[in-house]
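Student:
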Amino acid sequence: MAGGQGPYTFPPLNALRMFESSARHLNFRIASEELGVTQGAVAQQVRALEKHLNTRLFDRRARGLELTEAGRRYLKPLQSALSLISDATAELKPAKTVVTISVTPSFAAKWLIPRLGKFSDSNAETEVQVLATNGLANFQSDGVDLAVRQTKPPFGSGLTGDLLFPMRFIAVCSPAIAAAGPIRTAEDLPRHVLLHDAHGMWPVFLERTGIAADIRTLKSLRFSHSSLAIDAAIAGQGIALATEALVADDLAAGRLCRPLDFTVTDELGFYIVHPRSPRKAEHVRSMRDWLLAQSHGSRYCMSP
């Protein structure tokens with residue numbers, strides 16, 4: 070029934086999609102890659118469509134495919150119809166909004182990634198893209214919606230920030246290390262391998278605990294990222310000085326232990342930073358609120 074409201078008679082939709090893709094690319098192989106099926110499946114569906122229509126849609130040439138006159142006449146209205154179906158579907162089921170969060174590699178590995186599934190479970194309409202980099206985020210040119218960085222107020226013009234958790238450094242090691250060479254006081258630390266990261270806080274930690282040892286004479290391993298030093302501690306390579314929040318999961322799981330109660334607090338903190346007027350305000354607000362809720366729910370990161 071032309072121009073009416075059904076009933077409609079048309080070939081299988083799958084065959085129409087494969088014909089449209091093949092006609093657009095004039096290549097069964099490229100169509101198969103676009104649709105995620107084998108090249109043979111595309112060719113078979115197109116042959117089935119030609120049989121259904123009793124019309125040849127392609128001429129198979131040595132150099133590739135070429136649309137017949139019937140194929141050209143069929144393609145244009147078919148593309149219009151598929152476009153209408155796609156648009157109607159999008160109105161009922163809008164595409165997810167992508168929120169891009171820029172974080173440091175160690176924060177991503179040790180804090181964000183283990184928790185991110187919880188955000189996706191409760192925010193099905195938002196797709197999160199994580200950029201793990203130590204570089205500063207540019208909210209105008211990088212497409213970043215919000216960032217988590219080790220910083221302190223004031224922030225740049227047009228930016229706002231919320232404290233996620235303070236940077237409190239604690240000494241951690243594997244339970245095996247703690248048992249093999251007991252660490253009862255800070256004086257025991259110089260007997261062990263000290264695992265350093267880019268923060269370089271071991272000299273400050275030792276000084277504040279009253280240890281006068283020259284850090285240059287102590288056994289050390291150095292890493293470019295905090296996550297690597299933490300992993301080395303888990304593997305029993307020595308004692309790491311880590312941000313409390315980043316080892317919360319490993320402490321809770323027993324992969325690490327805290328042999329000393331002493332804590333060194335840095336003037337910086339982990340802050341959620343984003344423009345005061347973000348492009349995707351509702352989704353950025355949801356992501357920020359979720360991050361803060363996760364921080365407040367941590368056993369270690371907000372302890373006094």
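Using the numbering used here, read the sequence shown as starting at 70 and increasing by one per residue. Ideal Cβ placement from N, Cα and C applies to all residues, glycine included.
Nearest-angstrom Cα distance between F331 and I239?
Tutor: Your numbering for residue 331 matches position 262 in the sequence shown. Your numbering for residue 239 matches position 170 in the sequence shown. About 7 Å.
Student: Can you give the beta carbon distance from L325 to A301, rounded, assuming they're within the 8 Å contact cut?
Tutor: Indexing the sequence shown from 1 puts residue 325 at position 256. Indexing the sequence shown from 1 puts residue 301 at position 232. Here L325 is actually not in contact with A301; their C-beta atoms are around 11 Å apart, not less than 8 Å.
Student: Rounded to whole angstroms, what is the Cα-Cα separation between P259 and P344?
Tutor: Taking the first residue of the sequence shown as position 1, residue 259 is located at position 190. Taking the first residue of the sequence shown as position 1, residue 344 is located at position 275. Taking the straight line joining both Cα atoms gives about 45 Å.
Student: Check M236 in the structure and name its three-state DSSP category.
Tutor: For the purposes of this step, residue 236 is identified with residue 167 of the sequence shown, where counting begins at 1. Reduced to three states, the DSSP call for M236 is strand.
Student: So does the region 169-186 actually touch the region 309-316, counting three or more Cβ pairs closer than 8 Å?
Tutor: yes
Student: At what residue ranges does the region 135-209 contain a whole run of the alpha helix (DSSP H), taking only runs of 4 or more?
Tutor: 138-161 and 182-191
Student: Can you tell me where the beta strand (DSSP E) with F339 in it begins and where it stops?
Tutor: Counted from its first residue, the sequence shown places residue 339 at position 270. Counting along the chain, the beta strand (DSSP E) containing F339 begins and ends at V333 to P344.
Student: Is DSSP giving P373 helix, strand or coil here?
Tutor: Taking the sequence shown and counting its residues from 1, one reaches residue 373 at position 304. At P373 the pLDDT is 31, less than 50, meaning the model places this residue with poor confidence and gives no usable figure here.
Student: Have a look at M270 and S101 and give me their C-alpha separation to the nearest angstrom.
Tutor: Counted from its first residue, the sequence shown places residue 270 at position 201. Counted from its first residue, the sequence shown places residue 101 at position 32. One C-alpha to the other measures close to 55 Å.
Student: With the cut-off set at 8 Å, would you say A201 and V342 are in Cβ contact?
Tutor: As a first step, residue 201 must be located in the sequence shown, where it is residue number 132. As a first step, residue 342 must be located in the sequence shown, where it is residue number 273. Not a contact, by the Cβ cut-off of 8 Å.
Student: Taking F197 and I170 to be in contact with their CB atoms under 8 Å, please state how far apart those CB atoms are, rounded to whole angstroms.
Tutor: For the purposes of this step, residue 197 is taken as the residue at position 128 of the sequence shown. For the purposes of this step, residue 170 is taken as the residue at position 101 of the sequence shown. Rather than Phe, the amino acid found at residue 197 in this sequence is Val. Right, their Cβ atoms sit about 6 Å apart.
Student: Quick check: the region 74-94 against the region 137-151, are there 3 or more CB pairs under 8 Å?
Tutor: The region 74-94 is in contact with the region 137-151.
Student: At 3 residues or longer, what runs of the beta strand (DSSP E) sit wholly inside the region 273-302?
Tutor: 289-291
Student: Over the uninterrupted beta strand (DSSP E) stretch that includes V115, give me the two end residues.
Tutor: Stepping through the sequence shown from its first residue, residue 115 is reached at position 46. Here V115 belongs to no beta strand (DSSP E); instead the alpha helix (DSSP H) covers Q108 to L122.
Student: With a threshold of 7 Å on Cβ separation, who are the neighbours of Q114 within its own chain once the five nearest residues in sequence on each side are excluded?
Tutor: Your numbering for residue 114 matches position 45 in the sequence shown. The answer, listed in chain order, is N83, A84 and M87.
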